[in-house]
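Inspection log for the structure reproduced underneath, given as structure tokens.
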């Protein structure tokens, strides 16, 4: 199954530089419909107003972290199947295990490259 | 104050009949002299900390230096990304104009990278300030035989921050040898 390049993607990160990097990488991969949010609370509000095909989120944000966002998404009947990739500098095994238990689809540690992002998106979105 | 603590038994009240008022006075005087000597020693060690210099000069300077590093790296990153985006989105029609644009943007990237030299110097000053702080605190702690309170953080805001970090697993980036590798993460996700 080919990647649906028209699917809307939500990038959640409090560092605008990282948002810009991910946006550019996604653009290079062919994705055009990319929105962003600077924390979990804003992201959750956006997720409730638009159907996203993928969420790419950082972990460490204020006031709502990416981990909390993930748990909210998985607890919400309307959002629970939304693919969710964590892209974070949190590189402790306990973080990866906690995210997996909470229902994350994939986990990328920063710094990462375009190839890793592409591979994970393909794995999660069923290419 | 181990010397004073060790005297606890010696200062226990004796029976009235055994008491020698002169030697009692001598004992109390000697102990008060020891306390005074210890206080003077602690005062000297506090002076050696040069706490005023630390909080008036070194720590604010380090704070400012780090702020400048954050700003410089953000500004350089912005300049580098803007140049790269211009190249990616180039609409130039001919090879010559495209080449000219790429060369101009690459030059901008080189210029932006000059931040590294200055931030390197700023970070060196912060490292030096932290080194001084560590040295003085460590000297003071061993001079007064300090032990950490078991009550936890004194600052309630810090206590809340620590609790939040623990609950939400906000561990931050790990050292290279402690961080889990992407391959190991991939293995966990099968």
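Protein chains in written order, with this note's numbering: chain U, 1 to 127; chain F, 1 to 190.
Glycine residues also receive a C-beta, built at the ideal position from the N, C-alpha and C atoms.
- In this structure, residue 111 (chain U) keeps its C-beta atom at 8 Å or more from the C-beta atom of residue 53 (chain U).
- Listed in chain order, the positions of the region 63-92 of chain F with a beta carbon within less than 8 Å of a beta carbon of chain U are 74, 77, 78, 81, 84, 85 and 88.
- Among the residues facing chain F, residue 11 (chain U) is not included, as its CB has no counterpart in that chain under 8 Å away.
- The continuous alpha helix (DSSP H) containing residue 97 (chain F) extends over residues 95-112.
- Between residue 140 (chain F) and residue 48 (chain F) a beta carbon distance of about 7 Å is seen, short of the 8 Å cut, so the two are scored as contacting.
- Annotation: Cβ neighbours of residue 116 (chain U) in chain F (cutoff 8 Å, chain order): 182.
- Distance from the Cα of residue 77 (chain U) is smallest, within the candidate group U:47, U:105 and U:90, for U:47.
- Apart from sequence neighbours up to five positions away, the residues of its chain that approach residue 144 (chain F) with a beta-carbon distance below 7 Å are 42 and 45, ordered along the chain.
- Residue 109 (chain U) carries a strand assignment under DSSP once its states are collapsed to helix, strand and coil.
- Closest in alpha carbon position to residue 106 (chain F), among F:131, F:79 and F:169, is F:79.
- The beta-carbon separation of residue 10 (chain U) and residue 125 (chain U), rounded to 13 Å, does not stay under the 8 Å limit for a contact.
- Considering only beta carbons, the part of the region 157-190 of chain F lying closer than 7 Å to chain U consists of 168, 169, 170, 171, 172, 173, 174, 179, 180, 182, 185, 188 and 189, in chain order.
- Within chain F, the residues 74, 77, 78 and 81 have their CB atoms less than 8 Å from the CB of residue 17 (chain U), given in chain order.
- For the pair residue 98 (chain U) and residue 169 (chain F), the CB atoms are nearer than the 8 Å cut-off.
- Contacts with chain F at 8 Å (Cβ-Cβ) include residue 91 (chain U).
- Taking C-beta atoms under 8 Å as the contact rule, residue 40 (chain U) and residue 69 (chain U) qualify, at a distance of about 3 Å.
- The C-beta separation of residue 60 (chain U) from residue 172 (chain F) comes to about 7 Å, placing the pair in contact by the 8 Å criterion.
- For the C-beta of residue 37 (chain U), not a single chain F residue is nearer than 8 Å; the gap to the nearest is close to 18 Å.
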